[in-house]
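The working numbering applies: residue 1240 is where the sequence shown begins, and numbers increase by one.
Beta carbons: idealized from backbone N, C-alpha and C, even for Gly.
If you're wondering where the values come from, they're calculated on a predicted model, not measured in any experiment.
The structure appears below as structure tokens.
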Amino acid sequence: MINVERIISFEMDQNCFLVYGDDKKGILIDPGLDTVKILKAVEDKDVDVLYILLTHSHYDHSFSVGELRGHKKLACSSLCSYNLGKQSRNLSAAFGNPFEYEPADLILADGDILEVGEISIKAIETPGHTDGGMCFLIGDMLFSGDTLFRRTVGRCDFPTGNGDVLVNSIKTKLYSLPDDTAVYPGHGENTTIGYEKKFNMFVT
């Protein structure tokens, strides 16, 4: 059984996800601004976190990487890895807490499969919100970062953002998934692919 714990950073209503199997081996997806809260969740669930995965490099999704990384491996797309090392691209300078992180330990490309204990993670490249955007599919669960939200989509007015590219990513990469695929977004509440295909007016 795959377990999912949502850890909300209320400063920006950002979702970090702790995903783990019954073997207690797991991953963190998008560890954002509340490092203490993330560490407590990992401790409470007694999870051995082996990888940190990033859907994109933005500050509110990557801030805690610096403190959490340690012996954990960081995995993301090549452009996300590059953007982590640029304050202007990870937006940390704009939010008054500039950082530049070292490159990822593992570069993921579209279609790559990462096995962590009982968890099988498929990488899906979804540029648009940023040029290095990526979603992660685990079984029938999609972790969509800031690509797709409930009834809306991610902003495209930040550096490397492109609205047309974002919509194309959603249509070609995400809307091809089964309608009952659960979507765990980077902000806000969960949804499903079928619900978004029916009600999301930003993807036409």
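* **Coil, strand or helix - R1245 by DSSP** => strand
* Leaving out the 5 sequence neighbours to the left and right, which residues in its chain are closer than 7 Å to V1288 when beta-carbon positions are compared? -> These residues qualify, in order along the chain: G1265, I1266, L1267, V1281, K1311.
* For G1378, name the three-state secondary structure that DSSP assigns. => coil
* Asked: So who's on the other strand from G1271, going by DSSP bridges?
  -> None; G1271 has no bridge partner.
* Please name the residue, chosen from H1426, F1397, A1362, that lies closest to K1413 on a Cα-to-Cα basis. => Correcting the residue type first, residue 1413 is Leu in the shown sequence and not Lys. Among H1426, F1397, A1362, the Cα nearest to that of L1413 is on A1362.
* Would you please state the rounded distance, in angstroms, between the beta carbons of C1263 and D1285? I believe it to be under 8 Å. => As written in the sequence, residue 1263 is Lys, which differs from the Cys given in the question. Confirmed, Cβ separation roughly 6 Å.
* Extent of the continuous beta strand (DSSP E) run through I1432 -> Going by DSSP, I1432 is part of no beta strand (DSSP E) but of the alpha helix (DSSP H) stretching over 1432 to 1438.
* Asked: If P1424 sits next to S1383, beta carbons under 8 Å apart, how far is it from one beta carbon to the other, in whole angstroms?
  -> Contact flag correct, Cβ pair sits at about 5 Å.
* To do: Return the CA-CA distance between L1318 and V1406, expressed in angstroms with no decimal places.
  => Cα to Cα, L1318 sits roughly 19 Å from V1406.
* The alpha helix (DSSP H) with L1318 in it runs from where to where? -> Counting along the chain, the alpha helix (DSSP H) containing L1318 begins and ends at 1317 to 1323.
* Would you kindly work out how many angstroms separate the C-alpha atoms of T1391 and S1359, rounded to a whole number? => For T1391 and S1359, the distance between alpha carbons rounds to 28 Å.
* For S1248, collect the residues of the same chain with a Cβ closer than 6 Å to its Cβ; drop the 5 residues on either side in sequence, then sort them by chain order. => G1271, L1272, D1273
* Asked: Does the distance from the C-beta atom of T1430 to that of R1389 stay below 9 Å?
  -> Taking 9 Å as the Cβ cut-off, T1430 and R1389 qualify as a contacting pair.
* To do: Using the Cα positions of T1386 and T1365, report the straight-line distance between them to the nearest angstrom.
  => 7 Å
* Y1340 in three-state terms, based on DSSP -> Here Y1340 carries a coil assignment [DSSP, helix/strand/coil].
* To do: Check L1345 in the structure and name its three-state DSSP category.
  => The DSSP-derived three-state label of L1345 is strand.
* In the DSSP assignment, what are the bridge partners of Y1290? -> BP columns for Y1290 point to I1266, K1312.
* **Cα-Cα separation, A1333 to K1325** => If you take the alpha carbons of A1333 and K1325, they lie about 12 Å apart.
* **Terminal residues of the beta strand (DSSP E) in which V1258 lies** => Looking at the DSSP string, the run of the beta strand (DSSP E) that includes V1258 is 1253 to 1259.
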